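Worksheet: the structure to be examined is printed underneath.
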Amino acid sequence: MADIEPGLRLHYVTAGQGDRTILLLHGFPQTWWEWRRVITPLVEAGFRVVAPDYRGAGHSWKPVGGYDKRTLARDTHTLLREHLGIKGRVVVAGHDIGLMVAYAFAQAYREEVSHLVLMDAPLPGTEVFDRLRSDPRVWHFAFHGARDVAEMLVAGRERQYLHTFFNVRNSDPSAISAEDFDIYVAAYSAPGAMRAGFELYRTFDQDAAHNRTAQKKNGRLSMPVLAIGGAISTTGALMGEMIREVAENVVTRIIPGTAHWIAEEDPEALVHCLLEFLESGF
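Numbering that gives the first Met the number 0 puts the first residue of the sequence shown at 0, with every later residue one more than the last.
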């Protein structure tokens, strides 16, 4: 646990002692546990891995506010630099909501990011995000945004809600085992957890404004960016188009046979894509 600011402690997992650090940022409704199958291969490849539960998730504290992605990126930066004392440039990788945090981190701390990896989610402030927002397949954006209503309807039904949420975005139900699912259910059944998760969605308009302002001021990102999509996910085929709106040097990969939960549906293919990108000299 790391004390980030008064009222906020972040839980994190670290592994490895490599000279290069990779920061892994999970999505909703997940925790650092999303990365359980990719951490060891990355360590074996020579990386130091840091996988936090961002504000509101997992064992991290759940304050009332601060769920815009620029603030979550600042939390993570404080964890890396002030608590862990990590120096030098880092690789930042994010999936789902973690993609949004990873992008905000790269915009705010451009010179500190060697490579950026963005996985299967729409990014607020892009044209692709605006198009997808009205797609019936992302109905949960509006539902999660309905403050108090979403909490009222899901309270006491977290297991049923999360079961549906995972399965409609999955190519293989066995990718997330019953034991794994229980870990996620326990995390999001904790006091304040679903409210915190919903707040991540309620800041999307604020996130979009932050992202547009940052790009207008600083321009598109210049570090190498890997955009990864699931072959049968809502966002997968649009990842390249979307990330080229915000970055200059983009490589796109679609992972066959996967939907949205890429790190769990095919961790071997994901690790292969990551290492190929990071070791290519791009």
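Yeah, the Cβ is synthetic: ideal placement off N, Cα and C, and Gly gets one too.
All of these numbers come straight from a predicted model, not from anything done at the bench.
Does residue i come out as helix, strand or coil in the three-state DSSP assignment?
| i | result |
| --- | --- |
| W160 | According to the sequence shown, residue 160 is Tyr rather than Trp. Helix, per DSSP. |
| I182 | helix |
| F203 | helix |
| A37 | It should be noted that the sequence gives Val, not Ala, for residue 37. V37: coil per DSSP, three-state reduction. |
| A189 | coil |
| V42 | helix |
| V234 | For the sequence presented, residue 234 should be read as Thr rather than Val. The answer is coil: DSSP assigns T234 none of H, G, I, E or B. |
| R8 | strand |
| R19 | strand |
| I261 | helix |
| T30 | coil |
| A174 | helix |
| A14 | strand |
| A1 | strand |
| N166 | helix |
| K61 | coil |
| G310 | Here the chain has residues from 0 to 281 only, and residue 310 is not among them. |
| G144 | helix |
| G55 | coil |
Among the options, which residue has its Cα nearest to the Cα of residue i?
| i | options | result |
| --- | --- | --- |
| E150 | A192, D67, I175 | A192 |
| L237 | V49, D95, A120, N169 | A120 |
| E4 | H25, R54, F27, Q214 | R54 |
| R109 | V270, S173, A246, E198 | A246 |
| S232 | L7, S221, E264, V224 | E264 |
| L199 | K86, H10, K68, E43 | K68 |
| P51 | R35, G64, V116, P62 | R35 |
| G17 | V224, V49, N248, H10 | V49 |
| H10 | F104, L78, T257 | L78 |
| S122 | A226, I254, R8, I182 | The sequence as given places Leu at residue 122; Ser does not occur at that position. Comparing Cα-Cα distances from L122 to each of A226, I254, R8, I182, the minimum goes to A226. |
| G84 | D129, Y187, T257, T20 | T20 |
| Q106 | M222, L22, H259 | M222 |
| W260 | F27, L7, V12 | F27 |
| A208 | P255, G235, M99, L131 | M99 |
| S170 | D74, A186, I254 | I254 |
| E178 | G93, W32, V37 | W32 |
| L277 | Y66, V224, A185 | V224 |
| T234 | P62, A101, F128 | F128 |
| V249 | P266, R219, T257 | R219 |
Residue i bridges to which residues according to DSSP?
| i | result |
| --- | --- |
| I253 | G228 |
| L220 | A246 |
| L24 | G93 |
Beta strand (DSSP E) containing residue i: first to last residue?
| i | result |
| --- | --- |
| F46 | 46 to 52 |
For the alpha helix (DSSP H) that residue i lies in, which residues bound it at each end?
| i | result |
| --- | --- |
| E150 | 148 to 153 |
| A268 | 266 to 277 |
Runs of beta strand (DSSP E) lying entirely within the stretch 67 to 142, each at least 3 residues, in chain order: 89 to 94, 112 to 118
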